[in-house]
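Asker:
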Amino acid sequence: MAGRKRAASRANASAPRSSRSTRSSARETEVPRIYREMLVEAGVQSSAASPERPLKRRRAGQINEQPTKKPEVTSKEEVVDENEEEIQFEDVPLPTATVQTVYRDSDEEDEDDDIQFENVDFSFPAPNLDEPEEGNKDLELDFSARTTPKSRKAADRRKPLSKAEKDHRIEIHKMHLLCLLAHVARRNRWCNDETVQESLRTLLTSKMVKYLNPGTNLSQFGRSQSLKDGLQQVATTYKTKFKITERGLRRALWAENEEYLQNYQLSDDAETPMEKNDFLETAKSLRGSRDVGAQLYCALLRSAGVEARLVCSLQPLAFASGGPPLGKPPKQKGRLSIAERYAQMQVKDKDKAPESAAPTTSSSVRSRLGHPNATAYRVPTTPIASSSRAAPQVIKKIRESPYPIYWVEILDEAHQKWQPADPLVTDSFWKPQKLEPPASDKENCMTYVIAFEADGTVKDVTRRYAKAYNAKTRKMRVESAEPTGERWWRKVLRAFARGFVTDLDQIEANELVAIESREPMPRNVADFKDHPIYALERHLRRNEVLVPDASASGTVGAGSNGPLEKVYRRKDVRIARSRDKWYRMGREVLPNEIPAKFLPKRAKKNDGFDDDGPEDPSEPNGVPIYTEDQTIPFKHPPVANGKVPRNRYGNIDLYVPSMVPEGGAYIADELGARAAFILGVDYVPALTGFHFKGRQGTAVLYGVVVAEENEEAVRAVVDGLKDQAADFEKERRAREVLRTWKLFLMNLRVRQRIWADVDSDEEGNDRDAMNVDAKSDEDAPREAEGDPEDVTQQSDGGDEAPDEGGGFMIDDEDYGGGFMVD
DNA sequence: TAAAAATAGC
DNA sequence: AATCACTATTTTTA
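Numbering that gives the first Met the number 0 numbers the first residue of the first sequence as 0 and each following residue consecutively.
Structure below.
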């Protein structure tokens with residue numbers, strides 16, 4: 000008890016003074032509906048009737064009639080290691096969440112950039128192959144239906160997304176990514192399962208295995224060729240054996256209407272969520288979605304001794320607005336329960352026509368890009384069950400993107416290179432360029448291609464497959480969604496990384512970098528926008544400017560007859576700032592520099608106020624702005640004879656540490672002024688920035704600058720004052736406590752006197768009396784009820800002084816409102 | 001003929 | 001303080 004109290008008081012003490020109430024208000028934020036939807040899709044379900052109830056997993060209730068007592072797995076389990084609890088809505092990360100340190104092990108860089116989920120530990124399970132998985136449910140990851148928190152009305156759709164909406168979408172995007180990663184990671188683990196591999200091994204002939212594992216006596220080329228031949232053979236067999244009976248993962252889309260989402264149902268042919276046993280069953284029956292097909296193919300190859308990666312082109316919800324909408328949900332009689340679906344699958348199995356569901360399609364039909372119509376889409380006709388049976392026998396055709404979501408990468412050991420193999424969809428081997436769907440593919444959008452190795456480690460191999468990674472793909476990824484996106488993604492990947500870098504890793508990294516650098520310069524103007532390497536003058540931001548000696552590295556024309564525009568390198572783009580802005584960053588524009596640019600006056604918004612008066616007459620051409628090399632670090636005049644320079648408000652501008660004048664020292668403490676005053680040395684309050692609220696900025700003054708020689712003395716006095724304050728506080732607390740004790744004792748004595756002669760029903764009355772006492776003096780601190788020791792310990796924790804006590808509030812009468820305007 | 005790119009307007 | 005974004009329409013290309 001005492002320990003807990005102490006801990007609490009310590010925590011309080013270390014918290015910043017003013018932020019005592021912020022936390023609670025953040026907690027009050029209602030969990031956006033979108034998160035619930037997402038969790039529902041991820042396998043956690045809210046009770047529609049009573050949202051207060053803890054979430055229950057959907058599958059647990061559906062698979063058999065009585066709900067399971069203790070569902071072992073939630074999506075939280077997927078993402079969060081070793082936490083047995085179910086997901087509660089309260090655990091869902093909020094976009095408004097405060098920062099919490101997540102990756103504790105990575106402290107060498109990026110420290111400030113922790114993943115911003117509160118209360119949810121998004122550290123990832125370490126790749127662990129023998130994790131017990133019995134009873135673990137699969138995630139249901141058809142994230143096809145989403146909506147913005149407030150559904151956008153048709154009229155609103157004209158308007159661009161607000162910043163909040165956009166941020167929200169980015170959060171969703173990231174969260175979805177994490178879920179998908181966890182999902183595939185699990186499937187990848189299943190691919191290593193002995194039993195699964197064992198049952199698949201029946202598909203292999205010894206000849207195949209021999210081909211797949213060429214002896215070292217062959218030449219480099221020979222070994223590579225042998226591996227390829229072996230793969231081809233396995234693929235031929237596998238294609239005929241594996242039947243695609245379900246629809247695999249699709250690209251997730253936003254619903255443009257809330258109702259669409261409410262009525263959303265997974266289609267009947269969507270992949271059945273699995274647990275490991277189901278996966279094993281699938282390995283035996285060889286029926287399922289093409290995704291599972293690729294997974295089993297991966298397992299098959301691994302069982303044959305081939306180094307195979309499971310590759311998935313993740314399909315997270317886009318953060319950009321626009322994009323294909325989800326559309327109205329089709330009228331359905333209601334989704335089949337899992338049990339029904341299993342039954343149906345068995346029916347399918349029984350009267351399957353052997354020739355019909357073979358997933359082969361001539362790749363020539365498919366290879367023409369941009370024809371997402373019937374010819375281009377693979378339409379395997381699932382057998383029509385002879386309908387002697389009841390209604391749910393209607394088996395729909397499976398329409399899927401002609402490009403795969405899952406495939407496999409195989410290590411060509413001879414060449415130390417990973418090569419793709421996709422036997423089921425494109426029937427392509429060693430052809431990375433064949434796997435990227437065209438931009439017009441609404442159901443398959445290649446954004447993050449992730450390869451999972453047998454040991455559980457993960458690589459982002461998107462650049463191997465995306466033809467225009469920098470020009471197009473990157474724009475759909477977190478890296479360009481927010482400034483910290485790149486680090487965030489790095490961090491996520493690092494959680495899945497091997498602890499060390501192998502030679503092969505290095506080779507592959509080099510290869511990917513080489514691919515990226517080989518990417519041709521875009522041929523249209525749009526792709527230059529936000530391109531990481533190139534830049535056009537027309538896309539420069541208002542305050543961006545080209546360095547004077549920037550040389551064009553090419554030209555583009557808009558369309559055919561447009562004038563040619565020069566293509567510059569992004570490296571040669573600088574941001575230019577006004578004099579004032581530079582000053583705020585502690586720099587000063589050199590004399591006689593000609594501005595790099597003039598910022599034209601903004602279009603006047605007639606919103607009633609007419610501010611920025613001084614700007615207009617002085618700068619008729621707009622505000623002059625300069626690049627960094629036109630500036631030097633700003634220096635205040637040095638401290639002379641202990642006298643610190645000050646501006647006309649009696650302050651000193653100290654926006655950055657480099658602005659401390661020579662011979663001066665900055666005392667970053669509220670007590671600095673008082674200390675210096677006590678010592679009688681010259682001091683100047685430091686103006687460290689402005690606080691913008693509404694249209695007026697208010698100066699932020701914190702700490703003082705004193706002469707260097709006085710620094711030590713001032714600091715000593717500051718410390719002294721702090722001690723004194725602490726002592727005072729301690730004393731005050733002690734007095735308070737004693738007063739309370741006195742009161743308590745007096746009450747006791749009174750009680751004793753009153754009840755002295757009533758001995759019979761001592762117990763109950765005793766308690767009543769106590770309660771009355773406790774209530775009677777409300778302002779008595781809690782610790783009055785504790786033991787004295789506790790009290791004393793509590794009292795030196797000290798920071799929660801009630802305001803009414805005469806603490807050491809520094810009066811800021813002498814630095815009133817110094818707002819700098821030039 | 002249709003997809004992709006540029007452009008115009010808010 | 002800082003800042004184009006988004007969609008529909010027209011034009012070009014394969």
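Beta carbons are placed, not taken as given, at the ideal position from N, Cα and C, and that holds for glycine.
How far does the alpha helix (DSSP H) with residue 877 in it reach, from first residue to last?
Answerer: Nothing can be reported for residue 877, as the shown portion of the chain is limited to 0 through 821.
Asker: Report the start-end ranges of each alpha helix (DSSP H) in the region 475-548 that is 4 residues or longer and not cut off at the edges.
Answerer: With a minimum length of 4 residues, the continuous alpha helix (DSSP H) runs that stay inside the region 475-548 are 477-480, 484-494 and 502-517.
Asker: Sorted by chain position, which residues of the same chain lie with C-beta nearer than 7 angstroms to residue 10's C-beta, five sequence neighbours on each side aside?
Answerer: Low local confidence applies: a pLDDT of 34 at residue 10 is under 50, so the model's placement there is unreliable, with the coordinate-based value given in what follows. No residues qualify anywhere along the chain.
Asker: Does residue 418 pass the burial test, meaning 16 or more other C-beta atoms within 10 Å, or should it be called exposed?
Answerer: It counts as buried.
Asker: From 737, 690, 639 and 240, pick the residue whose C-alpha is nearest to that of residue 706; which is it?
Answerer: 639
Asker: DSSP three-state call for residue 297: helix, strand or coil?
Answerer: helix
Asker: Sorted by chain position, which residues of the same chain lie with C-beta nearer than 8 angstroms to residue 541's C-beta, five sequence neighbours on each side aside?
Answerer: Excluding sequence neighbours, residue 541 sits near 598.
Asker: Go ahead and label residue 443 buried or exposed: buried means 16 or more other beta carbons lie within 10 angstroms of its beta carbon, across all protein chains shown.
Answerer: buried
Asker: Going by beta carbon distance, what residues of the same chain come within less than 8 angstroms of residue 566, once the five residues before and after it are set aside?
Answerer: Within the same chain, residue 566 has close Cβ partners 520, 527, 533, 534, 535, 551, 552, 553, 554 and 555.
Asker: Compare the beta carbon distance of residue 287 and residue 235 with 9 angstroms and say whether it is the shorter of the two.
Answerer: no
Asker: Would you identify the three-state DSSP class for residue 692, choosing helix, strand or coil?
Answerer: strand
Asker: Mind checking which residues open and close the beta strand (DSSP E) that includes residue 444?
Answerer: No beta strand (DSSP E) holds residue 444; DSSP gives it neither H nor E.
Asker: Give the single residue among 624, 713, 470 and 485 whose Cα lies nearest to the Cα of residue 676.
Answerer: 713
Asker: Strictly by DSSP, which residues pair up with residue 428?
Answerer: 420
Asker: In its own chain, which residues sit with a C-beta less than 6 angstroms from the C-beta of residue 306, not counting the 5 before and 5 after it?
Answerer: Closer than 6 angstroms at the Cβ level, and outside the excluded window around residue 306, lie 410.
Asker: What's the gap between the Cα of residue 581 and the Cα of residue 726?
Answerer: 44 angstroms
Asker: For the beta strand (DSSP E) holding residue 243, just list the boundary residues, first then last.
Answerer: 242-245
Asker: With DSSP run on the structure shown, which of helix, strand or coil describes residue 30?
Answerer: Note on residue 30: pLDDT 34, under 50, position unreliable in the model; the coordinate value appears next. Residue 30: coil per DSSP, three-state reduction.
Asker: Taking the alpha helix (DSSP H) that residue 719 falls in, what are its first and last residues?
Answerer: 707-753
Asker: Under 9 angstroms, do residue 660 and residue 636 count as touching if we go by C-beta distance?
Answerer: yes
Asker: With distances taken from CA atoms, which of 284, 480 and 651 is nearest residue 701?
Answerer: The closest CA to that of residue 701, considering only 284, 480 and 651, is found on 651.
Asker: Who are residue 623's beta bridge partners in DSSP?
Answerer: 597
Asker: Quick one: Cα of residue 543 to Cα of residue 626, how far?
Answerer: 9 angstroms
Asker: Go ahead and label residue 512 buried or exposed: buried means 16 or more other beta carbons lie within 10 angstroms of its beta carbon, across all protein chains shown.
Answerer: exposed
Asker: With a Cβ-Cβ cutoff of 9 angstroms, do residue 211 and residue 195 count as a contact?
Answerer: No. Outside cutoff.
Asker: Could you please give the first and the last residue of the uninterrupted alpha helix (DSSP H) stretch that includes residue 208?
Answerer: It spans 205-211 - the alpha helix (DSSP H) in which residue 208 sits, taken as one unbroken run.
Asker: With DSSP collapsed to three states, give me the class of residue 178.
Answerer: helix
Asker: Are the CB atoms of residue 585 and residue 657 nearer to each other than 9 angstroms?
Answerer: yes
Asker: Who are the near neighbours of residue 457 in its chain, counting only those whose CB is closer than 8 angstroms to its CB and skipping five residues on each side?
Answerer: 180, 184, 449, 450, 451, 492, 495 and 496
Asker: Could you tell me the alpha carbon to alpha carbon distance between residue 205 and residue 172, rounded to whole angstroms?
Answerer: So the alpha carbons of these two residues sit roughly 45 angstroms apart.
Asker: In angstroms, rounded to a whole number, what distance separates the CA positions of residue 464 and residue 431?
Answerer: 5 angstroms
Asker: Hey, residue 823 and residue 594 are a contact pair by Cβ (cut 8 angstroms); roughly how many whole angstroms apart?
Answerer: Since the first residue of the chain shown is 0 and the last is 821, residue 823 is not available in this structure.
Asker: With 16 other CB atoms within 10 Å as the buried threshold, where does residue 482 fall?
Answerer: Counting Cβ neighbours within 10 Å, residue 482 comes out exposed, since fewer than 16 surround it.
Asker: For residue 667 and residue 311, I'd like the C-alpha separation in whole angstroms.
Answerer: 52 angstroms
Asker: Could you give the first and the last residue of the continuous beta strand (DSSP E) run that contains residue 312?
Answerer: Unbroken beta strand (DSSP E) run through residue 312: 307-313.
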